[in-house]
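Asker:
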Amino acid sequence: MFKPTRRETLALGAGGLIASMIGPQGMAHAAVGNTLTIAFNVNLPAFDPTVGPSAVNPTIQAIYRSVFDQFIAQKPNLSFEPGLLTAWGWSDDKKSIWMDVREGVTWHDGSPFTAEDVAWSLQRAGDAKTGNPIQFIWGTLSNFKVSGKRVTADAKQFDPALFKWMAFLTGYVLPKAYYEKVGAEGFEKKPIGTGPYMVDEYQGNAFLRLKANPKYWGGKPAFETVVFKFVTDATSRVAEIESGSSDVTLEIPYEEYDRLKAKKGLAGVATPISDIGMIFINNDAKIPKEVRLAAHHAIDKQAIVKRLLRGYGVPIDTLQAPEYEAYDASIKVGFDEKKAAALMKAAGFGPDKPYKTTLQTTRGLKPKDYEMIQAIVGMWRKVGIEAQIEVYEVAKHFELRTSHKLAPFAFYNWGNAIGDPSTSTGHAMFSMSPHSSWKTPDVDAKIGPLWGEADEKKRIAGYKAADKYIAEEGAVIPLLQYVQPIVFKAELKVTPNVSGALQPTLVKKA
Amino acid sequence: MIASVLVKRAGMAIVTLFGVAVVVFLLLRVAPGDPIAMMIGAGASASDIADLRARYGLDQPLLVQFGIWLAGVLRGDFGVSISLRRDVLELLAERLPATLELAGLACTFAVVIGGAVAVLGTLLRRRKGEAVLDGVNGLLLAVPDFVWALAFVLLLGVLWPVLPLSGRMDPSVGVPFVTRFYLTESVLTGRFVIAGDIIAHMVMPVLALALPLAAVIARILKDGLSEAMVQDYVLLARVKGMSELRLVVGEALRNAVGPTLALTGVQFTFLIGGTVIVERIFAFPGIGSMAIDAVINRDLPLIQGLVLVFGALFILVNLAVDLAVVALNPRLRHG
């Protein structure tokens, strides 16, 4: 029998140590097999998709949609399809809703998914005590009844976007029996859903490992294992994909995107997503209409996209992106320096007598945000607007926005993954919304009647009219629709998602 | 003597930590950024916002909030993280070991390398080699840890990809650990393959953190050694025929190490601060990377817990260094 001496034991240990340090790297560079590794740009703070700040983070929905199913599913082009609900609708009097629940679905622990889970999830979402940030939608439903596979509920008022919200933030079905058994903390430690992937291992700030759900109602996923590596630093994400340590990554600088996609063995896709860059205007600042319009006309958005974003961006003049239902291509403001100068002159201002103001912006939150604002300030200066740049953080922006204390002009972005006009123009421009910085009766009069409009054609036409009016009034300055860059190994095929959620189910072997 | 130093410093530590708690609590409340504003949906009403504020206890007067928090801390209850929705103390206990292993390894590496460079520099004094060594040391001093981190990412992660770029261990490793000290535990339990994987993940962050500290140690220790090398006891030993290496290591080092040790303690606290950025770059799951997320999300209970832990670490490290200096110096030891 081999009895190693102490020296031999140490030597064997050291040998094993060195071998293991070198060994795993060979695996990391292997071609894509049954494991898909995604270098992800944000951390996953919590598993419950219905509460806390992560519940309203659009990027994290990629992970939530892997583990859980939404009431209603959404295709990559933002159109809707059956999820855990197979059919849904409003009663004829628009006072209640009905939902038919998918049959034959099981939770990750093997227990059956039922209509009770749907009723409980909606009821819980509407309960203010749970802290659901979209409680203002879910709280309008009450008196849930379950009969076979059908769930019904009363609605406080008709909301044409209600079912769209069921495919959006916090619109997830959670397991009633399991959640009640393990509680909120137990659920965070061992979450289960009905989604295509099951949680296998989670290390906060490091990685999440998922295993394919073999019994998934939508068919077995393409990869046996999916690893989300939480790599929040963009340079590190570039290194992850370039070194072959990860198979897919996203949200990297456009310069790097262009360089990487040209490299052998890598491919890329860049798609406009449901996220726009815009300049909020605070009506309390009482900026003259001519100055507001001049500020819009003075911005050469095409040049900004071309020179700062290497062409990755879509200039827009309304809060609707082309993929949204109420997008109206005829609404044009356009770059016109002469017109801007004339408007400024009419307001009594010009390069010799500038209109002094403040423009707030983030720095480093979105691609070239600060540089973009610097360019805009330069363009404004030419027509007689002298803006002082003030950099703020995300938290500060939200504090100012919800307390209606943003600077006269404030740059930020606005996501709208369901593409409904109420979740773009509606909440961004209606005075009752905590996120609106333009609170005036004339715009309210355009948007107000649309909240409960049952005639969909009339509602969409109403929002188009509101957008036209807003553009004519210069109540907001939409700048561009962002483009999301994704780089991946050439042996993969990635279907880009307009919502911006890079779901593993959208990645296949080429 | 050591006992009296210990008692005095422990008392000061409590006062300092209380001061840190008060300052952090107040600063966080007056600093811009509202955690509730960041999590409300687009159509939330004023009452929805008030409900959320009440849920996280942010509707109470400042003094009441502080009293509740302090009473909780004294009971060992640091509150619940707003963004991670978990017990703050549990989260800290989960993440702190990773940072301690990282910082501990970086500090050990810095001491070894810095010490070796100082000894070598002393042996090479007044020769060409000394200038070269000083030049390299100056470079290491001038480059901050995060620049080293990015340089290593490009060099050892991309151009010559021999080391893993992110995380604490390979995601495919599924070995259960009893403690959160993964490296220590895997070495102690003889799981060398796992230990190797963990070390491989730590090489780049450790180097990034250690190199600037090693340069500081090398410079201070070399100055101390140079001073000691002209003392009478060293001259006597030289006259007795002792070799240069033995003179430096056996005689001068013992007397030169005191100031270096004190400085290393102070620098170690900076090194822990440096983990915030380095952990971010390497996606290393310690308290540093958690601190950034906590600040971005204005997760007040978590930031408060993190600052207290950082504060306690600084105090403990400095206390340990002070005790070590006293223990090593007979003049201080005997009053």
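Here the protein sequences come in this chain order: A and B.
Here the first sequence stands for residues 377 to 886, where the numbers follow the numbering used here.
Here the second sequence stands for residues 13 to 347, where the numbers follow the numbering used here.
Glycine residues also receive a C-beta, built at the ideal position from the N, C-alpha and C atoms.
(1) Name the chain B residues that come within less than 7 Å of residue 616 of chain A, Cβ to Cβ?
(2) DSSP three-state call for residue 877 of chain A: helix, strand or coil?
(3) Please determine whether the Cβ atom of residue 459 of chain A lies at a distance below 7 Å from any heavy atom of the ligand SAH.
(4) Would you please verify whether the beta carbon of residue 523 of chain A is less than 8 Å from any beta carbon of chain B?
(5) Candidates A/426, A/741 and A/489: which alpha carbon is nearest residue 500 of chain A's?
(6) Less than 8 Å between the beta carbons of residue 307 of chain B and residue 230 of chain B, yes or no?
(7) Of the residues that make up the segment 580–612 of chain A, which ones have a beta carbon closer than 7 Å to any beta carbon in chain B?
(8) Ignore the nearest five residues each way along the sequence and tell me which others in residue 7 of chain B's own chain have a CB closer than 6 Å to its CB.
(9) Based on the DSSP secondary-structure assignment, which residues constitute the bridge partners of residue 789 of chain A?
(10) Measure from the C-beta of residue 778 of chain A to each C-beta in chain B and report whether the shortest distance is under 8 Å.
(11) By DSSP's criteria, residue 734 of chain A is part of a beta bridge. Which residues make up the other side?
(12) Are there three or more Cβ pairs, one per stretch, closer than 8 Å when the segment 640–654 of chain A is compared with the segment 857–877 of chain A?
(13) Taking only beta-carbon atoms, is residue 97 of chain B less than 8 Å away from chain A?
(14) Looking at the structure shown, is residue 418 of chain A part of a helix, part of a strand, or coil, going by DSSP?
(15) How would you write the range of the alpha helix (DSSP H) that residue 906 of chain A sits in, first residue to last?
(16) Do residue 443 of chain A and residue 569 of chain A have their beta-carbon atoms positioned less than 8 Å apart in this structure?
(17) So the candidates are B/232, B/60 and B/148; which of them puts its Cα closest to the Cα of residue 506 of chain A?
(18) I'd like to know if the segment 158–168 of chain B and the segment 211–222 of chain B are in contact, where contact means that at least 3 CB-CB pairs between them fall below 8 Å.
(19) In the DSSP assignment, find the beta strand (DSSP E) that holds residue 442 of chain A and state where it starts and stops.
(20) Have a look at the DSSP bridge pairing and note the partners of residue 531 of chain A.
(21) Alpha carbons only, please: which of A/874, A/517 and A/522 is nearest the one belonging to residue 539 of chain A?
(22) Run through chain A and tell me which residues come within less than 8 Å of residue 302 of chain B, C-beta to C-beta.
(23) Decide if residue 467 of chain A is buried, meaning its Cβ has at least 16 other Cβ atoms within 10 Å, or exposed.
(24) Roughly how far, in whole angstroms, is the beta-carbon of residue 836 of chain A from the beta-carbon of residue 702 of chain A, given that I think they are within contact range, below 8 Å?
(25) Chain A beta carbons: is any one of them nearer than 8 Å to that of residue 165 of chain B?
(26) Compare the C-beta of residue 621 of chain A with all C-beta atoms of chain B and state if any pair is closer than 8 Å.
(27) Residue 60 of chain B versus chain A: which residues are under 9 Å apart at the beta carbon?
(28) Counting along the chain, where does the beta strand (DSSP E) carrying residue 604 of chain A start and finish?
(29) Do residue 246 of chain B and residue 9 of chain B count as a contact pair if the criterion is CB distance below 8 Å?
(30) Could you check whether the Cβ of residue 292 of chain B sits closer than 8 Å to any Cβ belonging to chain A?
(31) Using C-beta distances below 6 Å, list every residue in its chain close to residue 752 of chain A, excluding the 5 sequence neighbours before and after it, in chain order.
(32) So, residue 677 of chain A versus residue 691 of chain A, is the Cβ gap smaller than 8 Å?
(33) If the cut is a Cβ gap below 9 Å, which residues of chain B does residue 424 of chain A touch?
(34) Closest to residue 226 of chain B by C-alpha separation, out of B/260, B/210 and B/145, would be which residue?
(35) Should the segment 753–760 of chain A be regarded as contacting the segment 713–728 of chain A, the criterion being three or more beta carbon pairs within less than 8 Å?
Answerer: Reading it off the structure:
(1) As a working note, residue 616 of chain A is residue 240 in the first sequence. Near residue 616 of chain A (Cβ distances below 7 Å), the residues of chain B are 177 and 178.
(2) Along the first sequence, one-based indexing puts residue 877 of chain A at 501. Coil at residue 877 of chain A, not helix or strand.
(3) As presented, the structure is devoid of all ligands, the ligand SAH included, so that no description of it is given.
(4) The residue labelled residue 523 of chain A in the question sits at position 147 within the first sequence. For residue 523 of chain A, the answer is no, since every Cβ of chain B falls outside 8 Å of its Cβ.
(5) As a working note, residue 500 of chain A is residue 124 in the first sequence. Checked all of A/426, A/741 and A/489; the closest Cα to residue 500 of chain A is A/426.
(6) For the purposes of this step, residue 307 of chain B is taken as the residue at position 295 of the second sequence. For the purposes of this step, residue 230 of chain B is taken as the residue at position 218 of the second sequence. The answer is no: Cβ separation not under 8 Å.
(7) 580, 581, 582, 583, 585, 603, 605, 606, 607, 608, 609, 611 and 612
(8) Look at the range of chain B in this structure, 13 to 347, and you will see that residue 7 of chain B is not part of it.
(9) Working through the first sequence from its first residue, we reach residue 789 of chain A at position 413. Answer is A/653, bridged to residue 789 of chain A.
(10) Taking the first residue of the first sequence as position 1, residue 778 of chain A is located at position 402. Taking Cβ atoms only, chain B reaches closer than 8 Å to residue 778 of chain A, which makes this a yes.
(11) Here the question's residue 734 of chain A lines up with position 358 in the first sequence. Its beta-bridge partners are A/764.
(12) yes
(13) Along the second sequence, read from residue 1 onward, the residue named residue 97 of chain B stands at position 85. With 8 Å as the cut-off, residue 97 of chain B counts as an interface residue toward chain A.
(14) Indexing the first sequence from 1 puts residue 418 of chain A at position 42. Three-state result, residue 418 of chain A: coil.
(15) With chain A running from 377 to 886 in the structure shown, residue 906 of chain A is simply not present.
(16) In the first sequence, counting from the first residue as 1, residue 569 of chain A sits at position 193. In the first sequence, counting from the first residue as 1, residue 443 of chain A sits at position 67. Result yes, Cβ atoms of residue 569 of chain A and residue 443 of chain A sit closer than 8 Å.
(17) Translated into the one-based positions of the first sequence, residue 506 of chain A becomes position 130. Comparing Cα positions, the closest option is B/60.
(18) yes
(19) Taking the first sequence and counting its residues from 1, the one referred to as residue 442 of chain A is at position 66. No beta strand (DSSP E) contains residue 442 of chain A, which is instead part of the alpha helix (DSSP H) from 437–443.
(20) By 1-based counting over the first sequence, the position of residue 531 of chain A is 155. Per DSSP, A/517.
(21) Numbered from its first residue, the first sequence carries residue 539 of chain A at position 163. The shortest C-alpha separation from residue 539 of chain A is found at A/517.
(22) Working through the second sequence from its first residue, we reach residue 302 of chain B at position 290. Neighbours of residue 302 of chain B on chain A, chain order: 580 and 581.
(23) In the first sequence, residue 467 of chain A corresponds to position 91, counting from 1. Burial call: exposed.
(24) Stepping through the first sequence from its first residue, residue 836 of chain A is reached at position 460. Stepping through the first sequence from its first residue, residue 702 of chain A is reached at position 326. At roughly 5 Å, the Cβ-Cβ gap stays under 8 Å, so residue 836 of chain A and residue 702 of chain A are in contact.
(25) As a working mapping, residue 165 of chain B is identified with position 153 in the second sequence. Yes, because at least one Cβ of chain A sits closer than 8 Å to the Cβ of residue 165 of chain B.
(26) Against the first sequence, residue 621 of chain A aligns to sequence position 245. True, the Cβ-Cβ gap to chain B drops below 8 Å.
(27) Here residue 60 of chain B refers to the residue found at position 48 of the second sequence. Within 9 Å Cβ-Cβ: 504, 509, 511, 512, 515 and 810.
(28) In the first sequence, the residue the question calls residue 604 of chain A occupies position 228. From DSSP, the beta strand (DSSP E) with residue 604 of chain A extends over 601–606.
(29) Given that chain B is displayed from residue 13 to residue 347, the structure contains no residue 9 of chain B and the question cannot be resolved.
(30) Taking the first residue of the second sequence as 1, we reach residue 292 of chain B at position 280. Yes, because at least one Cβ of chain A sits closer than 8 Å to the Cβ of residue 292 of chain B.
(31) Position 376 of the first sequence, counted from the first residue, corresponds to residue 752 of chain A. Excluding positions up to five away in sequence, the list reads 675.
(32) What you label residue 677 of chain A is simply residue 301 of the first sequence in a count that begins at 1. What you label residue 691 of chain A is simply residue 315 of the first sequence in a count that begins at 1. Yes.
(33) Walking along the first sequence from the start, residue 424 of chain A turns up at place 48. Ordered by position in chain B, the residues that pass the 9 Å Cβ test against residue 424 of chain A are 97.
(34) Residue 226 of chain B sits at position 214 when you count from the first residue of the second sequence. Nearest of B/260, B/210 and B/145 to residue 226 of chain B, Cα basis: B/145.
(35) yes
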